[in-house]
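Residue numbers (mature numbering (1 follows the signal peptide of the UniProt record, and there is no 0)): -22 to -1, 1 to 672.
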């Protein structure tokens, strides 16, 4: 009986000891958890619209550590990794007893360590809590940590930690960073040779760096390939072929696109580790390459900025703030897309657009290009010569200054500034000045982004578009009135699309305009097709002059090359809307054959007569003519007061059949919707109303 009592007491004591040990281990496990949080310290990433890496930033410790999951990596690599490092990874609980016995037996037999017994879980434990030495105590601590990890994390999560933290030489950590640095590509698709090298490097990352220890890297890769062949994970022939491939001999730079926008994204959300943008990496790469090469051709201190956007959505697809962010001689850290500069002649298309919209001119209307005095303002052409009588079409294509100022005086500088506000663009005038005729030739300040936003409306059939910031994607068509009537927009685009490309550039099917600011400080070129708009600025960040710098000679070639290398297909410009026609000069009504004003803008022959005014229909009227009900549309009666006969009526830019001396006529609409009605008297004065036909 005493023996049984002793056995019982002993059993209870043993159980109690085991329970106490288990409780102690559980307490220690909870009291001293593994520092898994260190794995959350990863490089901040800036991604394009499709999730492709644009730019990464090193961790505070200076490591390139890109977050990586099994889904980011080639499955063949994962199979090779597990087969080589931890064959029973799926079965053990952090420590592999069979691997320990094998390693101990090899050590006793050979007197040295032949193979290790570290599981992937133990390796992760070492990576999150690096050991100072390779003592037995350190190994036991590593094993305990591995068991802790297995209690807290799934096998998939442990594998993801390894893929993120594994060392690959220098400051490279993780499979993604290694694949980008050694192979220049994401690890989603790896060759057998590439996968084998990435399996081998983490064991001795510094001694096997392929750029410094080529032979060691090849030997380590060969051992992986041999074992994979033996395990039949790959065939012997495949292993032999992969072994013949050269290992990389240099470390590549990780993707480093969109420096300025990336910095902005980090400032906007400093705690986020992933920043998605609206950029397209292919577009961004093309624009940055063009900017860098062009800056080298143009010489020192010259910088280049570009903005490319989707004119329908306003999303920024590519943005270059400078030719080289790290080039101090060009002040590359300054984002020149957001700096106000004089646009030179780049605003002229909007002057002509207003003149087309008002019915003041047609493309073949003759306008004078001669020395003129506009109340003390005497504009001169860029080349100091004058063309005499030219068509409006030629005047815009040649970017003549005097005709542009004549038309701006007629449509009004203030009115043009008001139109800019429809596009949410507010150029800055010199202190104390009000809008004057000088704004037509660059007498104001505007950013490249805002100028591109104005042209986006031309590419979008006149509807203003708010460009996004490139980060949030918040961009949309601005609700409200159009910047210009669709017919006027077509007239402008038709003229600009026929401008001769710069020397060495081929026609692309785009409309474009250039500008050069006073003193050769800023060169501009903005172009668009039926979907995309691209703005280019060239100059010095310190606003210094660059002798000979012009929009046509410097910015336009960059515009055409950037469009070509953006990777975007050219979208044809829109077809002519209803009422948009190109009329020969001989077929124009008498009032549109020549645009004639005196220097102060008043029509000399009718200075005492009132200008024409449309009294019916009134501006903004909704007129019900049966257009939306499917019935026969009734004609609309048009009435005017003032002006000098004969009168010429235009509906949506299309000239109505006959000039009339009467102040009442009729017009047959083609369908429902907004229409612009314009009347021009014999003196060339015009009045317009916009109505909605129902």
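Even glycine gets a Cβ: it sits at the ideal position worked out from N, Cα and C.
Minimum Cβ-Cβ distance from residue i to chain B less than 8 Å
{"i": "residue 165", "result": "Going by chain labels, chain B is absent from the structure shown, which holds only one protein chain."}
Where residue i falls, given that 16 or more other Cβ within 10 Å makes a residue buried
{"i": "residue 397", "result": "buried"}
{"i": "residue 325", "result": "buried"}
{"i": "residue 646", "result": "exposed"}
{"i": "residue 71", "result": "exposed"}
{"i": "residue 625", "result": "buried"}
{"i": "residue 185", "result": "exposed"}
{"i": "residue 253", "result": "buried"}
{"i": "residue 409", "result": "exposed"}
{"i": "residue 22", "result": "buried"}
{"i": "residue 249", "result": "exposed"}
{"i": "residue 539", "result": "buried"}
{"i": "residue 209", "result": "exposed"}
{"i": "residue 58", "result": "buried"}
{"i": "residue 19", "result": "exposed"}
{"i": "residue 573", "result": "buried"}
{"i": "residue 564", "result": "exposed"}
{"i": "residue 391", "result": "buried"}
{"i": "residue 615", "result": "exposed"}
{"i": "residue 599", "result": "exposed"}
{"i": "residue 656", "result": "buried"}
{"i": "residue 336", "result": "buried"}
Own chain partners of residue i with C-beta closer than 7 Å, once the 5 adjacent residues on each side are dropped
{"i": "residue 242", "result": "449"}
{"i": "residue 152", "result": "43, 44, 46, 141, 142, 143 and 144"}
{"i": "residue 68", "result": "133"}
{"i": "residue 439", "result": "464, 467 and 552"}
{"i": "residue 289", "result": "434, 437, 438, 443, 506, 509, 510 and 511"}
{"i": "residue 596", "result": "667"}
{"i": "residue 318", "result": "406, 423, 424 and 425"}
{"i": "residue 61", "result": "206, 209 and 211"}
Residue i - partner residues in DSSP beta bridges
{"i": "residue 126", "result": "Answer by DSSP bridge pairing: none, since residue 126 is not bridged."}
{"i": "residue 644", "result": "615"}
{"i": "residue 591", "result": "619"}
{"i": "residue 34", "result": "23"}
{"i": "residue 625", "result": "638"}
{"i": "residue 506", "result": "489 and 511"}
{"i": "residue 234", "result": "33"}
{"i": "residue 280", "result": "518"}
{"i": "residue 600", "result": "670"}
{"i": "residue 423", "result": "406"}
{"i": "residue 346", "result": "367"}
Simplified DSSP assignment, three categories, for residue i
{"i": "residue 652", "result": "strand"}
{"i": "residue 297", "result": "strand"}
{"i": "residue 145", "result": "strand"}
{"i": "residue 160", "result": "helix"}
{"i": "residue 469", "result": "helix"}
{"i": "residue 363", "result": "coil"}
{"i": "residue 519", "result": "coil"}
{"i": "residue 256", "result": "coil"}
{"i": "residue 369", "result": "strand"}
{"i": "residue 17", "result": "helix"}
{"i": "residue 191", "result": "coil"}
{"i": "residue 665", "result": "strand"}
{"i": "residue 569", "result": "helix"}
{"i": "residue 240", "result": "helix"}
{"i": "residue 410", "result": "coil"}
{"i": "residue 392", "result": "helix"}
{"i": "residue 677", "result": "Past the edges of the chain, shown from -22 to 672, lies residue 677, and the structure says nothing about it."}
{"i": "residue 351", "result": "coil"}
Neighbourhood of residue i by C-beta distance below 6 Å, restricted to the same chain and skipping five residues each side
{"i": "residue 432", "result": "401 and 403"}
{"i": "residue 159", "result": "150, 229 and 230"}
{"i": "residue 523", "result": "497, 498 and 499"}
{"i": "residue 214", "result": "207"}
Beta-carbon proximity list for residue i, same chain, < 8 Å, skipping 5 on both sides
{"i": "residue 673", "result": "The requested residue 673 is not part of the displayed model; the chain covers only -22 to 672."}
{"i": "residue 12", "result": "103, 106, 107, 123, 126, 127 and 130"}
{"i": "residue 386", "result": "329, 394, 415, 417 and 418"}
{"i": "residue 602", "result": "672"}
Hey, is the segment 294 to 305 in contact with the segment 261 to 271, meaning 3+ C-beta pairs nearer than 8 Å? The segment 294 to 305 vs the segment 261 to 271: in contact.
Under 8 Å, with one C-beta from each stretch per pair, do the segment 504 to 517 and the segment 269 to 285 reach the 3-pair mark? Contact holds: three or more Cβ-Cβ distances are below 8 Å.
With a cut-off of 8 Å, do at least 3 Cβ pairs link the segment 481 to 488 to the segment 546 to 563? yes
Are the segment 158 to 174 and the segment 209 to 227 touching by the rule of at least three beta carbon pairs closer than 8 Å? yes
Could you tell me whether the segment 565 to 574 touches the segment 652 to 661, where touching means 3 or more Cβ pairs closer than 8 Å? yes
For the segment 29 to 39 against the segment 191 to 207, are there 3 or more C-beta pairs whose distance is under 8 Å? no
Inspect the CB distances between the segment 370 to 381 and the segment 309 to 318 and report whether three or more fall short of 8 Å. Cβ pair count under 8 Å is below three, so no.
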